[in-house]
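Participant: Structure in structure tokens, see below.
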Amino acid sequence: MNKLIIFKRSNYKYLKDELEAKGMELIDLARVHSFMKGETYLEDFDPSLQVIDISSLGNMDFKDNTIKVIFPEIVRNHFDSATFISDCNDEEFKDNMGYTFTIEEYRPNIDLAVIDEGSLSEIKEQSKKLLTNLSKVEIENLITSFNKSLIGHERFKEDLLDKVIEFKLFNAIKENKIFSIFIMGNSGVGKTEVAKLLHKQLGGNKHIAKINFGNYSSQDSLNSLIGSPRGYIGSESGELFDKIKNSNVGLILIDEFEKATPALFNYFLEVLESGYATSMLGEEIDLSGYIIIFTSNINDIDFEKTFSPELRSRFNYVSSFNPLTMADKKNYLYTRFSKYVEEYNEVFSKRMRKLDKEELDRKIQVEKYQNMRMLNKAIRELFLSHVKEKYPKSTDKIWR
Ligand SMILES: Nc1ncnc2c1ncn2[C@@H]1O[C@H](COP(=O)(O)OP(=O)(O)OP(=O)(O)O)[C@@H](O)[C@H]1O
Ligand SMILES: [Mg+2]
Numbered sequence: 001m002n003k004l005i006i007f008k009r010s011n012y013k014y015l016k017d018e019l020e021a022k023g024m025e026l027i028d029l030a031r032v033h034s035f036m037k038g039e040t041y042l043e044d045f046d047p048s049l050q051v052i053d054i055s056s057l058g059n060m061d062f063k064d065n066t067i068k069v070i071f072p073e074i075v076r077n078h079f080d081s082a083t084f085i086s087d088c089n090d091e092e093f094k095d096n097m098g099y100t101f102t103i104e105e106y107r108p109n110i111d112l113a114v115i116d117e118g119s120l121s122e123i124k125e126q127s128k129k130l131l132t133n134l135s136k137v138e139i140e141n142l143i144t145s146f147n148k149s150l151i152g153h154e155r156f157k158e159d160l161l162d163k164v165i166e167f168k169l170f171n172a173i174k175e176n177k178i179f180s181i182f183i184m185g186n187s188g189v190g191k192t193e194v195a196k197l198l199h200k201q202l203g204g205n206k207h208i209a210k211i212n213f214g215n216y217s218s219q220d221s222l223n224s225l226i227g228s229p230r231g232y233i234g235s236e237s238g239e240l241f242d243k244i245k246n247s248n249v250g251l252i253l254i255d256e257f258e259k260a261t262p263a264l265f266n267y268f269l270e271v272l273e274s275g276y277a278t279s280m281l282g283e284e285i286d287l288s289g290y291i292i293i294f295t296s297n298i299n300d301i302d303f304e305k306t307f308s309p310e311l312r313s314r315f316n317y318v319s320s321f322n323p324l325t326m327a328d329k330k331n332y333l334y335t336r337f338s339k340y341v342e343e344y345n346e347v348f349s350k351r352m353r354k355l356d357k358e359e360l361d362r363k364i365q366v367e368k369y370q371n372m373r374m375l376n377k378a379i380r381e382l383f384l385s386h387v388k389e390k391y392p393k394s395t396d397k398i399w400r
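Here the UniProt record's numbering is used: the first residue of the sequence shown is 1, the next is one more, and so on.
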């Protein structure tokens, strides 16, 4: 009977080392699946030399045909001899396979001294500013300022306070550790802005804990995120851990989440479920009280296709941002322009006048812009020409 070794993600390093010490090679099923579609997969699979990591199956609906074919074939062809490993703790997953495995739970035989205690205590000592440490009044004030700064998205703003209060209650009774928000919508409508504003309102320093999966190459993405076992290339603790340590608030921003791999979806499923982020080095960070904001450009239909029901159900709040309305864009134009003038006057002790709304409307037709980043570019150009007009002399202090 095939053997399935269940391991905890935090013990991955030890399991991998132990298997490799026995001369076994670890193969990730997620990679086999994405790199070798069709009939040629794992033709040379040798169960005496190779072990397959099927963790990615745990987060799949089995709607995916390639996986549906690959996995049973491997099991059939090597019945009795193959060993699989998985970080899945979902009983249903094991039952639904339709195969009976000999299940073995992996317990590492480790010398605990090898774990870097220094970095663990470093995390504990830093007291992060958490949403859950705020009083109701503080939360209301935070949301009020947030709502003033985010333009449009009225529905989201209406819901946010209720969702936060609901979270605070369930966090207090230890039913919900992390407040997770998933925001989808077109480029430049303010998804990332939500995270930046909340970070600021919480009293965040200049380091926002931001991961952008658009920048990850799929191959070693989990390693880049949560580190890799010692002795291997890039043995640092991983981007997620470095970013969490540098930030002074309990907020993580995950941009372009849809570009992550199944292994990463699985990882975040576990993070949201357990409330802990675990690195490959066995380091654990308690994320209770944290806000995690996931952003994505996908639409509602792709949202359902891309993420498993298990993962979707872990988000406290899923919101779809509509394009901003004409009124919102005008509001953005007026507020931005005024802000530039105010900051400018402050820095250079000038009294440059603002342009009035009619003038701004004449100079910039907001209907041409869908992406606020592009609109902002136009506003900056307008501001620059405005300054040049007022202070044309190159001897003026602002040009030096
Ligand atoms: N609703 C909004 N309220 C205030 N500012 C906004 C809003 N939408 C966009 N902006 C401004 O426009 C710029 C781009 O917004 P943001 O980075 O949030 O876009 P995004 O939705 O995350 O887009 P992408 O999908 O391209 O990452 C930011 O400078 C932000 O300040
Ligand atoms: Mg963004």
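From the three backbone atoms N, C-alpha and C, an ideal C-beta is built for every residue, glycine too.
Is it right to say A260 is buried, meaning 16 or more other beta carbons lie within 10 angstroms of its own, or is it exposed?
Facilitator: The residue in question, A260, is buried, as its Cβ has 16 or more Cβ neighbours within 10 Å.
Participant: Residues with a Cβ closer than 7 Å to any heavy atom of ligand 2, in chain order?
Facilitator: The answer, residue by residue, is K191, T192, D255 and T295.
Participant: By the 10 Å Cβ neighbour count, where 16 or more other Cβ atoms means buried, how is G214 classified, buried or exposed?
Facilitator: Answer is exposed; the Cβ neighbour count stays below 16.
Participant: Pop quiz: G188 and M372 are said to be a contact at Cβ under 8 Å. What is the actual Cβ separation, rounded to whole angstroms?
Facilitator: The pair is a contact, with the Cβ atoms about 5 Å apart (cut-off 8 Å).
Participant: Please state whether DSSP places K196 in a helix, a strand or coil.
Facilitator: Helix, per DSSP.
Participant: Can you tell me whether residue 436 sits near ligand 1, meaning its C-beta is under 8 Å from at least one heavy atom of the ligand?
Facilitator: As displayed, the chain neither begins before 1 nor continues past 400, which places residue 436 out of reach and without an answer.
Participant: Alpha carbon to alpha carbon, how far is L311 from N345?
Facilitator: Between L311 and N345, the C-alpha separation is close to 49 Å.
Participant: Of the residues S308, S319 and V164, which one's Cα is nearest the Cα of T192?
Facilitator: Here the closest residue by C-alpha is S319.
Participant: With DSSP run on the structure shown, which of helix, strand or coil describes F146?
Facilitator: Helix, per DSSP.
Participant: Across which residues does DSSP place T102 in a beta bridge pair?
Facilitator: Paired residue(s): K3.
Participant: In the structure shown, what three-state DSSP assignment does G214 receive?
Facilitator: Residue state, collapsed to three classes: helix.
Participant: In its own chain, which residues sit with a C-beta less than 8 Å from the C-beta of I165, not counting the 5 before and 5 after it?
Facilitator: Excluding residues within five positions, the ones whose Cβ falls inside 8 Å are K136 and I139.
Participant: Identify, in the order they occur along the chain, each residue of the same chain with its Cβ nearer than 6 Å to the Cβ of S394, setting aside the five sequence neighbours on each side.
Facilitator: Around S394: no qualifying Cβ.
Participant: Take L355 as the anchor and find which of F348, V366, E367 and T335 has the nearest alpha-carbon.
Facilitator: Cα-wise, what sits closest to L355 is T335.
Participant: Look up V189 in the DSSP assignment and say whether it is helix, strand or coil.
Facilitator: Correct three-state label for V189: coil.
Participant: Check whether the segment 193-201 touches the segment 299-314, counting contact only when three or more Cβ pairs, one atom from each stretch, lie closer than 8 Å.
Facilitator: Flag = no, the segment 193-201 and the segment 299-314 do not touch.
Participant: Going by the CB atoms, is the gap between I52 and D28 shorter than 9 Å?
Facilitator: Yes. Within cutoff.
Participant: Could you please give me the residues that DSSP links to A277 through a beta bridge?
Facilitator: Bridge partners of A277: I285.
Participant: Do L253 and S180 have their beta-carbon atoms positioned less than 9 Å apart in this structure?
Facilitator: Not a contact, by the Cβ cut-off of 9 Å.
Participant: What is the DSSP secondary structure of A172, reduced to helix, strand or coil?
Facilitator: Three-state DSSP puts A172 in a helix.
Participant: Return the CA-CA distance between K8 and Y106, expressed in angstroms with no decimal places.
Facilitator: When rounded, the distance between both Cα atoms is 8 Å.
Participant: If I measure Cβ to Cβ from D396 and keep anything under 8 Å in the same chain, skipping five residues before and after, which residues do I get?
Facilitator: Nothing meets the Cβ criterion.
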